[in-house]
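Chains as they are written, first to last, in our numbering: chain L, 1 to 142; chain V, 1001 to 1475.
Glycine included, C-beta positions come from ideal geometry on N, C-alpha and C.
Fair warning: this is a prediction, and the values are worked out from it, not measured in the lab.
Heads up: the structure comes next, in structure tokens.
Written as structure tokens, this is what we have:
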């Protein structure tokens, strides 16, 4: 794991999503300096179009080899996002489940998976690409 | 008794050879290192080191050469003076890594002269102001070998007791004051009579002196133990699991009724049944727990055959940091898409040795997640439930791959430079050396020149503080 690039990602997430006016911390991570397995983001704002809710909680699993070189100038990247269950999408005037999210839903679990499978990235890519990809999926989750 | 050991990668040792006109022949005589012909004018080499503390033993691990520019070193026939800029930069590098080694040579006998003492005192005064807590090892090569002193502060000094050279051509140990490198080793020549005729006394003597760390003693790890017990006498076994019924058909050393017993204890019993004088330490936690890290730091060679790539990745990182040669074993039974017919039964042995390619550069690829995330994946059905238990596996491929690894280990101890990546195909009954397929990734954090190799106990680059999360949301 490239801690330097991960720190840059955390700073970026804080700049983008923490609400300093209201004192809301919307980006969190483990306090441990040597181990980080996921970055939970409560109250993540989802695209307004056709969504039932304005916010949902996310948790971004951090691969242990995040940003390690993968050959050919590429680097290992985030793979998927855990999303709070219950997010629904309006289709033909009705609220329906988001298909790719319900596949892994289990009772008793608060989160489910959205597989984005970005896997590899370039030397200058940061977490914004993952969030943008996720927002794009929520804007049109088919 | 406290001991101080310098562990130095072969690649770094080669630089010392070139600069200080050293002469050695590791293959015939591990202890034979001396200045062949003094090469005036005087020369000084510096490299940063990491530190590994194991009880009261201090291991100083070679990390990175301090590069010098034209004009950094003023050289004459009898002294070399380092520029203030070079000293300051090297002290900063020592603060980051954990310590500094300064090397020079004498044309005659190796000893600390009065001039050396004065220069060392001045250097230590500044070094420990800039890098408090660092260590400074001063090495002097001479016609009879080398002498070294380790400083942990301006007033705290102790002699260097041992030098270990780790590299692709084997593990060599050198005890200063024992210039012929004579091994004092009690070897049961009657017991090992036939083996001695194959590998010779030197290899067997080295094998019986080494401490082997076997991380994960499941099907593969137990097979490794089962072969290695005929050569080694000192083992550290790391595995958190207990024996279950479905393990029995693949676990070497299993006896009827062992269900519920820690796997490490089963293997300990098997080793002691063969050799009651063997030393076996069981650590019943998962690598990299603090206990397993402490135990592994005291090992000379690591062998790991876990189910999860996450453990391999962590062992790879550990082996790079502490300059431990490490074998990474894996087997897989590949099924057809319907999951009914076996398509291939394969195994692989990857060998990382400091200075060579790490396990990641040899193909340990893909996204590797923390076990907490994998556990969540299992709970939600994203990762197949009980994937490890449900994976098909057979003892024959485990034994074949374990044999391949131990054979490669013996080749390594005998100094034969050979394969670092072996691929075994049980369906075709053949193995291939695929070492040539891989190249070092220039930015590899483990084995590239700017990587973490030799950093030892030094803290990795800290993560941003202040996340404000104490408990895992996922768990």
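Is residue j closer than 7 Å to residue i when the C-beta atoms are compared?
| i | j | result |
| --- | --- | --- |
| residue 1165/V | residue 1046/V | no |
| residue 1250/V | residue 1219/V | yes |
| residue 1445/V | residue 1451/V | yes |
| residue 1128/V | residue 1154/V | yes |
| residue 1353/V | residue 1404/V | no |
| residue 1135/V | residue 1150/V | yes |
| residue 1359/V | residue 1328/V | yes |
| residue 1175/V | residue 1402/V | no |
| residue 1005/V | residue 1059/V | yes |
| residue 81/L | residue 58/L | yes |
| residue 1095/V | residue 1131/V | yes |
| residue 1090/V | residue 1118/V | no |
| residue 1264/V | residue 1247/V | no |
| residue 1171/V | residue 1406/V | no |
| residue 1562/V | residue 1168/V | Outside the shown range of chain V, which is 1001 to 1475, sits residue 1562/V, and nothing can be said about it. |
| residue 1243/V | residue 1261/V | yes |
| residue 1057/V | residue 1003/V | yes |
| residue 1084/V | residue 1044/V | no |
Going by DSSP, which residues form a beta bridge with residue i?
| i | result |
| --- | --- |
| residue 1053/V | 1058/V |
| residue 1411/V | According to DSSP, which records beta bridges pairwise, residue 1411/V is partnered with nothing at all. |
| residue 73/L | Beta-bridge pairing links residue 73/L to no other residue. |
| residue 1002/V | Answer is none; residue 1002/V lacks a bridge partner. |
| residue 1046/V | 1102/V |
| residue 1213/V | 1236/V, 1302/V |
| residue 121/L | 75/L |
| residue 1074/V | 1081/V |
| residue 113/L | 82/L |
| residue 1149/V | 1138/V, 1159/V |
| residue 1422/V | 1349/V, 1433/V |
| residue 1064/V | 1048/V |
| residue 1456/V | 1051/V |
Which stretch, first to last residue, makes up the beta strand (DSSP E) that contains residue i?
| i | result |
| --- | --- |
| residue 1433/V | 1430 to 1433 |
| residue 1170/V | 1170 to 1174 |
| residue 1343/V | 1342 to 1352 |
| residue 1167/V | 1162 to 1167 |
| residue 82/L | 80 to 84 |
| residue 1334/V | 1326 to 1335 |
| residue 1114/V | No beta strand (DSSP E) contains residue 1114/V, which is instead part of the alpha helix (DSSP H) from 1114 to 1130. |
| residue 1254/V | Per DSSP, residue 1254/V belongs to no beta strand (DSSP E) and is neither H nor E. |
| residue 92/L | Where residue 92/L is concerned, there is no enclosing beta strand (DSSP E), given that its DSSP letter is neither H nor E. |
Roughly how far, in whole angstroms, is the beta-carbon of residue i from the beta-carbon of residue j, given that I think they are within contact range, below 8 Å?
| i | j | result |
| --- | --- | --- |
| residue 120/L | residue 74/L | 4 Å |
| residue 1456/V | residue 1163/V | The pair is not a contact, with the Cβ atoms about 16 Å apart (cut-off 8 Å). |
| residue 12/L | residue 128/L | 6 Å |
| residue 1253/V | residue 1222/V | 6 Å |
| residue 1305/V | residue 1339/V | That pair is no contact at about 24 Å. |
| residue 1337/V | residue 1286/V | Not confirmed; about 33 Å, so no contact. |
| residue 1369/V | residue 69/L | Between residue 69/L and residue 1369/V the Cβ distance is about 18 Å, and since that is not below 8 Å, they are no contact. |
| residue 1347/V | residue 1397/V | 5 Å |
| residue 1207/V | residue 1231/V | 4 Å |
| residue 1361/V | residue 1412/V | Going by Cβ atoms, the distance from residue 1361/V to residue 1412/V rounds to 18 Å, so no, they are not a contact pair. |
| residue 1072/V | residue 1061/V | Contact doesn't hold; Cβ gap of about 25 Å is too wide. |
| residue 982/V | residue 1288/V | No answer is possible for residue 982/V: it lies beyond the span of chain V, which begins at 1001 and ends at 1475. |
Please report the residue range of the alpha helix (DSSP H) in which residue i lies.
| i | result |
| --- | --- |
| residue 1375/V | 1371 to 1380 |
| residue 1437/V | Run containing residue 1437/V: none; DSSP gives neither H nor E here. |
| residue 1264/V | 1263 to 1274 |
| residue 1090/V | 1084 to 1097 |
| residue 1258/V | Unbroken run through residue 1258/V: none, as it is neither H nor E. |
| residue 1010/V | 1010 to 1020 |
| residue 138/L | 127 to 139 |
| residue 58/L | Not the alpha helix (DSSP H): residue 58/L falls in the beta strand (DSSP E), residues 55 to 61. |
| residue 14/L | 3 to 17 |
| residue 1287/V | Unbroken run through residue 1287/V: none, as it is neither H nor E. |
| residue 1226/V | 1219 to 1228 |
| residue 1316/V | 1309 to 1322 |
Contact between the stretch 1223 to 1239 of chain V and the stretch 1274 to 1287 of chain V (3+ Cβ pairs under 8 Å): yes
Stretch-stretch touch, CB-based, cutoff 8 Å, three pairs: the stretch 1298 to 1307 of chain V with the stretch 1204 to 1221 of chain V: Contact between the stretch 1298 to 1307 of chain V and the stretch 1204 to 1221 of chain V is present, because at least three Cβ pairs lie under 8 Å.
Validate contact between the stretch 1135 to 1146 of chain V and the stretch 1100 to 1109 of chain V using beta carbons, cut 8 Å, 3 pairs: Counting Cβ pairs under 8 Å, three or more are found: they touch.
Segment contact, 8 Å Cβ cut-off, at least three pairs: the stretch 1086 to 1103 of chain V with the stretch 1050 to 1065 of chain V: yes
Three CB pairs or more closer than 8 Å across the stretch 109 to 117 of chain L and the stretch 1375 to 1384 of chain V: yes
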